[in-house]
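So the sequences go chain by chain: A and B. According to this note's numbering, the first sequence is numbered sequentially starting from 106. According to this note's numbering, the second sequence is numbered sequentially starting from 106. All residues carry an ideal CB built from backbone N, CA and C; glycine is no exception. This structure is a prediction, so every number in the text was calculated from the model and none was measured. Down below is the structure, laid out as structure tokens.
Number of protein chains: 2
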Amino acid sequence: MTRADDAKAPSRELTGQAEDYLKAVYELGRAGDASADTPVGTNAIAERLGIAAASVTGMLQRLARLGLVTTERYHGTRLTASGRTMALQLIRRHRVIESYLVSRLGFAWDDVHDEAERLEHAASPELIAKMADVLGNPTVDPHGAPIPTADGKIDERELESLATLTVGANARVAGMGDRDPSLLRYLAERGIKPGARVRVESREPFDGAIVLTVGRERQTVSPGAASNVRVELATAGAAREVQSRATPRPAPSRRRRSADS
Amino acid sequence: MTRADDAKAPSRELTGQAEDYLKAVYELGRAGDASADTPVGTNAIAERLGIAAASVTGMLQRLARLGLVTTERYHGTRLTASGRTMALQLIRRHRVIESYLVSRLGFAWDDVHDEAERLEHAASPELIAKMADVLGNPTVDPHGAPIPTADGKIDERELESLATLTVGANARVAGMGDRDPSLLRYLAERGIKPGARVRVESREPFDGAIVLTVGRERQTVSPGAASNVRVELATAGAAREVQSRATPRPAPSRRRRSADS
DNA sequence: CAATAAAGTTAGCACGCACTAAATATTGTG
DNA sequence: CACAATATTTAGTGCGTGCTAACTTTATTG
Numbered sequence: 106m107t108r109a110d111d112a113k114a115p116s117r118e119l120t121g122q123a124e125d126y127l128k129a130v131y132e133l134g135r136a137g138d139a140s141a142d143t144p145v146g147t148n149a150i151a152e153r154l155g156i157a158a159a160s161v162t163g164m165l166q167r168l169a170r171l172g173l174v175t176t177e178r179y180h181g182t183r184l185t186a187s188g189r190t191m192a193l194q195l196i197r198r199h200r201v202i203e204s205y206l207v208s209r210l211g212f213a214w215d216d217v218h219d220e221a222e223r224l225e226h227a228a229s230p231e232l233i234a235k236m237a238d239v240l241g242n243p244t245v246d247p248h249g250a251p252i253p254t255a256d257g258k259i260d261e262r263e264l265e266s267l268a269t270l271t272v273g274a275n276a277r278v279a280g281m282g283d284r285d286p287s288l289l290r291y292l293a294e295r296g297i298k299p300g301a302r303v304r305v306e307s308r309e310p311f312d313g314a315i316v317l318t319v320g321r322e323r324q325t326v327s328p329g330a331a332s333n334v335r336v337e338l339a340t341a342g343a344a345r346e347v348q349s350r351a352t353p354r355p356a357p358s359r360r361r362r363s364a365d366s
Numbered sequence: 106m107t108r109a110d111d112a113k114a115p116s117r118e119l120t121g122q123a124e125d126y127l128k129a130v131y132e133l134g135r136a137g138d139a140s141a142d143t144p145v146g147t148n149a150i151a152e153r154l155g156i157a158a159a160s161v162t163g164m165l166q167r168l169a170r171l172g173l174v175t176t177e178r179y180h181g182t183r184l185t186a187s188g189r190t191m192a193l194q195l196i197r198r199h200r201v202i203e204s205y206l207v208s209r210l211g212f213a214w215d216d217v218h219d220e221a222e223r224l225e226h227a228a229s230p231e232l233i234a235k236m237a238d239v240l241g242n243p244t245v246d247p248h249g250a251p252i253p254t255a256d257g258k259i260d261e262r263e264l265e266s267l268a269t270l271t272v273g274a275n276a277r278v279a280g281m282g283d284r285d286p287s288l289l290r291y292l293a294e295r296g297i298k299p300g301a302r303v304r305v306e307s308r309e310p311f312d313g314a315i316v317l318t319v320g321r322e323r324q325t326v327s328p329g330a331a332s333n334v335r336v337e338l339a340t341a342g343a344a345r346e347v348q349s350r351a352t353p354r355p356a357p358s359r360r361r362r363s364a365d366s
């Protein structure tokens, strides 16, 4: 009856679903606020994964049994060290796959998320290694998000959101969330892609829409969309309280293997 | 570039497991015998998938409910038209992926099966189309097996097995099963790969081992291994007649480790 | 042809993972 | 502080997919 219970060391095979939870906990844990380990609420995970909150509770208990997360009843969840490692592996897989699909198979950058979402659970470490190798071990994915290294290091610098820039600020688009293709197309139509330079001209009074110059064009973006865009300040400007010690990095570098951070 | 809308004629909502059953039914249904659908036994499916026979019965009932197979109690299962279509799609995905991994990512041809086995359930039709396109729409996979076309056609010619050739026959190796890497390595060590020309010199009396000339080398292969090799006769000859004594299914065979190495 | 072997099925169970409804804990507010 | 609003968990359910054990049907064969 009582199966010899698992609850072992970190490296057990997880189901795809469990992996998704881990990834969600990681991403939500570092969303919005730079400071790392905010415990993640059940509802937030439920919303992210599109399932009922009650289901999340159960799964988290399972993950806790496996030693991948810690939960404090009614007070959220955070990853353990091994849970974090797994989450980063998964994110690496996701981003390597996205990069590969765009660069080698001609996928549109705004259409690649779902495919990667499915493949990331099936791809072996060898496959990921080979893809990364073919691409010259890129450090960012097509949406500008940093790719964790094979040994689990990731550039976790918190960047400014386009939505929080002050009027007059100049910035370079570093990346944006990859999970909504329509958002990505919306942004792309306005020239907002990784590497683009933008300048905030003004804000609309009622809805907070942001008027900016992208290249030569004048564009308006809604604050909701803008909040998904991460930017690096290009010139000193008053911008909240964020200090981005921007180690300048060339965007599409090829061949780069040293763990530089 | 149609946007991926699933749920067309045959609803595309199968789980990975169900897909595996379909594939197993297809492959077992045409193993050994060329002419179409011999009903496939529960045990054969169970053995192929590595699960208990009782579990197979249940799943087949589910698939029957979905209209993908027909079962006659105690008398085996066969695919319906839509089940067959799905199976062929899956096989196409598998073989395209194998081809891609070998040709574009440097995988060894004998090491590609498991990876493909997992990816085939996650890859979208668009991904498969793009992979096939990049490869120039190949018609056979790295093991010589024909790749079904996107619209579900496959070259189903039944080829001779190396095990059934008569002494003196000349043949060209067309392909071999992909699911056992150690078998593939065993064959490759003897020069037996798709395209190789072989001539049957003799047979060993006790174990039926086949002595043949591959290129310039003299090689011996066990009948178990040989039965997994499909060949095309190179010279007109008596070989076709052999099927009178050709054992269609030469016994499930007990676990055998390759004789050497 | 009756006895058995082999193949297949049913029954009952477990686990993963989702759901809804209801209970309970925490938090914010008048 | 009491109470409502919100967040979270528990309880009970269902489906997919596997298992073992026991039973039934079909095939073999002495």
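{"Asked": "Report the neighbours of A:H218 on chain B: residues whose CB is nearer than 8 Å to its CB, in chain order.", "Found": "None at all; the shortest Cβ gap to chain B is about 12 Å."}
{"Asked": "Tell me which residues of the stretch 227 to 259 of chain B have at least one Cβ-Cβ distance to chain A shorter than 8 Å, keeping chain order.", "Found": "A227, A228, S229, E231, L232, K235, M236 and V239"}
{"Asked": "Looking at B:A279: is its Cβ nearer than 7 Å to the Cβ of B:V336?", "Found": "yes"}
{"Asked": "What in chain B is Cβ-close to A:R284, meaning under 9 Å?", "Found": "The premise fails here: A:R284 is roughly 16 Å from chain B at the closest Cβ pair, so nothing lies under 9 Å."}
{"Asked": "Short of 8 Å in beta carbon distance, which residues of its chain neighbour A:M281, apart from the five on each side in sequence? Order them along the chain.", "Found": "H248, G249, L288, L289, L292, I297, P299, N333, V334 and R335"}
{"Asked": "Look up B:R354 in the DSSP assignment and say whether it is helix, strand or coil.", "Found": "Residue placement at B:R354 is poorly supported in this model, since its pLDDT is 38, which falls under 50; the coordinates are not used for a value here."}
{"Asked": "Taking B:V305 and B:A314 to be in contact with their CB atoms under 8 Å, please state how far apart those CB atoms are, rounded to whole angstroms.", "Found": "Going by Cβ atoms, the distance from B:V305 to B:A314 rounds to 11 Å, so no, they are not a contact pair."}
{"Asked": "Assign B:P253 to one of two classes, buried (16 or more other C-beta atoms within 10 Å of its C-beta) or exposed (fewer than that).", "Found": "buried"}
{"Asked": "In whole angstroms, what separates the C-alpha of B:L193 from that of A:P328?", "Found": "47 Å"}
{"Asked": "What are the residues of the stretch 192 to 212 of chain A that lie near chain B, defined by any Cβ-Cβ distance shorter than 8 Å?", "Found": "L206, R209, L210, G211 and F212"}
{"Asked": "What's the gap between the Cα of A:A228 and the Cα of B:R223?", "Found": "7 Å"}
{"Asked": "Would A:R223 pass as an interface residue toward chain B - the criterion being a Cβ-Cβ separation below 7 Å?", "Found": "yes"}
{"Asked": "At the level of alpha carbons, what is the spacing between A:L133 and A:K258?", "Found": "18 Å"}
{"Asked": "Measuring CB atoms only, is the stretch 118 to 132 of chain A touching the stretch 158 to 173 of chain A, in the sense that at least three cross pairs come out at less than 8 Å?", "Found": "yes"}
{"Asked": "Please work out which residues of its chain come closer than 6 Å, Cβ to Cβ, to A:D283, disregarding the five sequence neighbours upstream and downstream, and give them in chain order.", "Found": "H218 and H248"}
{"Asked": "Thinking just about the alpha-carbon of each residue, which of A:R321, A:H180, A:S187 and A:L240 is nearest to the one in A:G172?", "Found": "A:S187"}
{"Asked": "Report the residue ranges of all alpha helix (DSSP H) runs contained in full by the stretch 197 to 228 of chain B; include only those spanning at least 4 residues, in chain order.", "Found": "218 to 224"}
{"Asked": "Can you tell me whether DSSP reads B:S327 as helix, strand or coil?", "Found": "coil"}
{"Asked": "Which class does A:I315 belong to by DSSP, given the choice of helix, strand or coil?", "Found": "strand"}
{"Asked": "Have a look at B:N275 and B:E231 and give me their C-alpha separation to the nearest angstrom.", "Found": "41 Å"}
{"Asked": "Is B:A159 buried or exposed, if buried means 16 or more other CB atoms sit within 10 Å of its CB?", "Found": "exposed"}
{"Asked": "Report the three-state DSSP secondary structure of A:S386 (helix, strand or coil).", "Found": "Only positions 106 to 366 of chain A appear in the structure, and residue 386 of chain A is not among them; the question remains open."}
{"Asked": "Just how far apart, CA to CA, sit A:E367 and B:T269?", "Found": "Residue numbering for chain A in the displayed model covers 106 to 366; residue 367 of chain A lies beyond these limits and cannot be assessed."}
{"Asked": "Which value, in whole angstroms, describes the spacing of the CA atoms of A:T176 and A:T185?", "Found": "10 Å"}
{"Asked": "Reducing DSSP to helix, strand and coil, say where B:N275 ends up.", "Found": "strand"}
{"Asked": "Would you report the Cα separation of A:Y179 and B:R183, rounded to the nearest angstrom?", "Found": "52 Å"}
{"Asked": "So if DSSP puts A:P251 in a beta bridge, which residue, or which two residues, is it bridged to?", "Found": "A:V245"}
{"Asked": "Taking 7 Å as the threshold (C-beta atoms), are B:P286 and B:D238 in contact?", "Found": "no"}
{"Asked": "Measuring alpha carbon to alpha carbon, tell me which residue in A:R209, A:I156, A:E265 and A:E220 is nearest A:L240.", "Found": "A:R209"}
{"Asked": "Alpha carbon to alpha carbon, what distance is there between A:L264 and A:G146?", "Found": "23 Å"}
{"Asked": "Using the beta-carbon count (16 or more within 10 Å), is A:G211 buried or exposed?", "Found": "exposed"}
{"Asked": "Please state the DSSP three-state secondary structure of A:R304.", "Found": "strand"}
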